[in-house]
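K.L.:
Residue numbers (full-length UniProt numbering): 1 to 512.
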């Protein structure tokens, strides 16, 4: 703390721990500490007086700072629940008696997030028709996608194409059309909603087709899905495709899967992806939604805002976790196989895996990938949904997924071990999502894309809510300066002891 240049007085705020005896919202304030002295840094928050607001808060990572009020999503981390506009997500994805038909479609949930209420049948049909009518891409965007390398990271391709859409719709840019464009014109808002949600699925499918070296499949706009057996990749789940046009009606998810695979998808596959996307549609003000609101506060157009949110989930700590989970489960599977436990009873497997965790994770305090969450202190509700979908998908393909069996064993061990549960180490969404992709036949590189397509609905809802916030100004977080004090400029010939340029930054010499 002595490195920060603080004003004469400041406050330290200590948040009571969730497992403590005090109320979680109670704050202990320490006032009138002199600058330069060592404050009692029990907590991580420092409040700085300012001219406009009296106090400024030093809150690294903003874990204790609410930057907006929202009516969209409530992520109840204490109880392990997730609500969209008051509706329990697990209820929205709960299937019928045979779990083949969700109680809500993805289009309904997208409508709910963006408009605040569930649609009636007429509104839903109109909504679906408008979304499908905006799934077509300009030929120049398709040409840009064709120039991408087949081994280019899919998420990078999606971000690039989404950013490029901004250049095709300059009328959607408030910087070019006026700052009140979306506050005064509901039609302009609606057009961007349909474009964003309609085109993101098409771009994602085209990125996949580039990766496998196949021609693009045009979006569907008719009343039924039509099969394209000659262009099928035969990659998704290995399920038998349907060639009957009346078996699968056109919907947002079935349209995406048709563009992805080149033929009408199996209804079981549609149901699984639909429910997964409902669970992934929003997660409150997480990193990506926060970035979107930050960029949106400057008046950027919605395409750039969505692209920046996509860039946020492309990070190692979000999309990179999927690969880390698979590597971890692969190591555990290899351990069980080397010890001959794969053929033993479940009880012996649990005992063996428990000893493995004791040695490799508990004693070394190594992070257990796919477990624990910054917000959810109980079982992540999205993980419950995806766990069930993995089991359904595995049953549908009639082929066991070895890593899924390891994940189920691991979950059982962790949830019955007080060492983990007392530390809030519960399964999160990253434990089962990469396994679902494996069963679907999609590579882990598609992990972030698979999340970004449904999450666009939630991002649009955040963008719209911020537009309607009368208190919204441009985001301007403050910092605590920790650099050197004021010093005079020294001419270059008088400088001594300067830092050397690191080797990796030096210009290359000829022949090197």
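Quick reminder that beta carbons are idealized off the backbone N, C-alpha and C, glycines included.
1) On a Cα-Cα basis, can you pick out the residue from 94, 497 and 110 that is closest to residue 103?
2) Do residue 350 and residue 361 have their beta-carbon atoms positioned less than 8 Å apart in this structure?
3) Scan the segment 61-86 and note each continuous beta strand (DSSP E) run of 3 residues or more that stays entirely inside, going in chain order.
4) Buried or exposed for residue 73, please, with buried defined as at least 16 other CB atoms from any protein chain shown within 10 angstroms of its CB.
5) Starting from the C-beta of residue 427, find all residues in its chain whose C-beta is less than 7 Å away, skip the five residues before and the five after it, and write them out in chain order.
6) Applying the 10 Å Cβ sphere with the 16-neighbour rule, what's the burial state of residue 135?
7) Please classify residue 558 as buried or exposed, where buried requires at least 16 neighbouring CB atoms within 10 angstroms.
8) What is the C-beta distance between residue 392 and residue 251, in whole angstroms, given that I count them as a contact (C-beta under 8 Å)?
9) Might you give, ordered along the chain, the residues of its own chain that have their beta carbon closer than 8 Å to the beta carbon of residue 413, omitting 5 neighbours on each side?
10) Which same chain residues end up closer than 7 Å to residue 341 when comparing Cβ atoms and leaving out the 5 residues on each side of it in sequence?
11) Rounded to whole angstroms, how far is the Cβ of residue 434 from the Cβ of residue 273, which I believe are closer than 8 Å?
12) Assuming residue 377 and residue 424 are in contact, meaning their beta carbons sit under 8 Å apart, how far apart are those beta carbons, in whole angstroms?
13) What are the start and end residues of each continuous alpha helix (DSSP H) run of 4 or more residues lying completely inside the segment 106-168, in chain order?
14) Span of the alpha helix (DSSP H) holding residue 312?
15) How is the alpha helix (DSSP H) around residue 296 delimited, first residue to last?
16) Could you check the C-alpha separation between residue 234 and residue 261 for me, to the nearest Å?
17) Rounded to whole angstroms, what is the Cα-Cα separation between residue 92 and residue 174?
18) Could you say which of 265, 264, 123 and 309 lies nearest to residue 286 if we only look at CA atoms?
19) Enumerate in chain order the residues of its own chain whose CB-to-CB distance from residue 336 is below 6 Å, with the five nearest sequence positions on each side excluded.
20) Taking 8 Å as the cut-off, does the segment 314-329 touch the segment 112-123 (at least 3 CB pairs, one atom from each stretch)?
21) Between the Cα of residue 196 and the Cα atoms of 216, 407 and 303, which residue gives the shortest distance?
22) Does residue 176 pass the burial test, meaning 16 or more other C-beta atoms within 10 Å, or should it be called exposed?
23) Would you call the CB atoms of residue 162 and residue 217 closer than 8 Å?
24) What is the DSSP secondary structure of residue 57, reduced to helix, strand or coil?
25) State the DSSP-derived secondary structure class of residue 174, mapped to helix, strand or coil.
26) From residue 178 to residue 71, what distance separates their C-alpha atoms?
27) Closest to residue 256 by CA distance: which of 323, 485, 208 and 284 is it?
28) Look up residue 427 in the DSSP assignment and give the residues it is bridged to.
29) Please report the straight-line C-alpha distance between residue 184 and residue 467, rounded to a whole angstrom.
30) Output yes or no for whether 8 Å exceeds the beta carbon distance between residue 210 and residue 169.
31) Tell me which same chain residues have a C-beta within less than 7 Å of the C-beta of residue 494, skipping the five on either side of it?
32) Check whether the segment 55-69 touches the segment 444-452, counting contact only when three or more Cβ pairs, one atom from each stretch, lie closer than 8 Å.
33) Hey, out of 462, 188 and 487, whose CA is closest to residue 85's CA?
34) Using the C-alpha atoms, what's the distance from residue 63 back to residue 297?
P.N.:
Concretely, from the data shown:
1) Taking the first residue of the chain shown as 1, we reach residue 103 at position 103. Nearest of 94, 497 and 110 to residue 103, Cα basis: 94.
2) Looking up residue 361 in the chain shown gives position 361. Looking up residue 350 in the chain shown gives position 350. It is not a contact, given that the beta carbons lie outside the stated cut-off.
3) Counting whole runs of 3 or more residues, the segment 61-86 contains the beta strand (DSSP E) stretches 73-76 and 81-84.
4) If you number the chain shown from 1, residue 73 lands on position 73. That one is buried.
5) By 1-based counting over the chain shown, the position of residue 427 is 427. Cβ within range, chain order: 370, 371, 379, 380, 383 and 411.
6) Within the chain shown, the letter at position 135 stands for residue 135. By the 10 Å Cβ count, residue 135 comes out buried.
7) Since the displayed the chain opens at 1 and closes at 512, residue 558 lies outside it and no answer follows.
8) Indexing the chain shown from 1 puts residue 392 at position 392. Indexing the chain shown from 1 puts residue 251 at position 251. No, residue 392 and residue 251 are not in contact; Cβ-Cβ is about 19 Å, not under 8 Å.
9) The residue given as residue 413 occupies position 413 in the chain shown. If we look at residue 413 and ignore the five residues flanking it on each side, its Cβ neighbours are 350, 353, 354 and 357.
10) Mapped onto the chain shown, residue 341 falls at position 341. Within the same chain, residue 341 has close Cβ partners 348, 349 and 352.
11) Within the chain shown, numbered from 1, the residue matching residue 434 stands at position 434. Within the chain shown, numbered from 1, the residue matching residue 273 stands at position 273. Rounded, the Cβ-Cβ distance is 15 Å, inconsistent with contact.
12) Along the chain shown, one-based indexing puts residue 377 at 377. Along the chain shown, one-based indexing puts residue 424 at 424. The Cβ separation is near 5 Å, so the contact holds.
13) 106-115, 121-133, 139-146 and 154-168
14) Residue mapping note: residue 312 aligns to position 312 of the chain shown, counting from 1. 302-313 is the extent of the alpha helix (DSSP H) around residue 312.
15) Position 296 of the chain shown, counting from 1, holds the residue named residue 296. Where residue 296 is concerned, the enclosing alpha helix (DSSP H) stretches over 287-296.
16) Along the chain shown, read from residue 1 onward, the residue named residue 234 stands at position 234. Along the chain shown, read from residue 1 onward, the residue named residue 261 stands at position 261. For residue 234, the predicted model reports a pLDDT of 47, less than 50, meaning its position is unreliable and no value from the coordinates is stated.
17) Along the chain shown, one-based indexing puts residue 92 at 92. Along the chain shown, one-based indexing puts residue 174 at 174. About 36 Å.
18) On the chain shown, residue 286 is found 286 positions in, with the first residue counted as 1. For the residues 265, 264, 123 and 309, the minimum Cα distance to residue 286 belongs to 309.
19) Within the chain shown, the letter at position 336 stands for residue 336. Answer for residue 336: 342, listed in chain order.
20) No contact exists between the segment 112-123 and the segment 314-329.
21) What you label residue 196 is simply residue 196 of the chain shown in a count that begins at 1. Comparing Cα positions, the closest option is 303.
22) Stepping through the chain shown from its first residue, residue 176 is reached at position 176. Its Cβ having fewer than 16 others within 10 Å, residue 176 is exposed.
23) Your numbering for residue 162 matches position 162 in the chain shown. Your numbering for residue 217 matches position 217 in the chain shown. No, Cβ-Cβ distance for residue 162 and residue 217 is not below 8 Å.
24) By one-based count along the chain shown, residue 57 stands at place 57. Three-state DSSP puts residue 57 in a strand.
25) Counting from 1 along the chain shown, the entry for residue 174 is found at position 174. DSSP places residue 174 in helix when its eight states are reduced to three.
26) Numbered from 1 along the chain shown, position 178 holds the residue referred to as residue 178. Numbered from 1 along the chain shown, position 71 holds the residue referred to as residue 71. Separation of residue 178 and residue 71 (C-alpha to C-alpha, rounded to the nearest whole angstrom) is 27 Å.
27) Position 256 of the chain shown, counting from 1, holds the residue named residue 256. Of the listed residues, the one whose Cα sits closest to residue 256 is 208.
28) Here residue 427 is taken as the residue at index 427 of the chain shown, counted from 1. In the DSSP output, where bridge partners are listed per residue, residue 427 has 371.
29) The residue labelled residue 184 in the question sits at position 184 within the chain shown. The residue labelled residue 467 in the question sits at position 467 within the chain shown. One C-alpha to the other measures close to 10 Å.
30) Your numbering for residue 210 matches position 210 in the chain shown. Your numbering for residue 169 matches position 169 in the chain shown. No, these two residues do not count as a Cβ contact at 8 Å.
31) Taking the first residue of the chain shown as 1, we reach residue 494 at position 494. Excluding sequence neighbours, residue 494 sits near nothing in its chain.
32) no
33) The sequence position of residue 85 within the chain shown is 85, counting from 1. Per the Cα distances, 462.
34) Counted from its first residue, the chain shown places residue 297 at position 297. Counted from its first residue, the chain shown places residue 63 at position 63. For residue 297 and residue 63, the distance between alpha carbons rounds to 20 Å.
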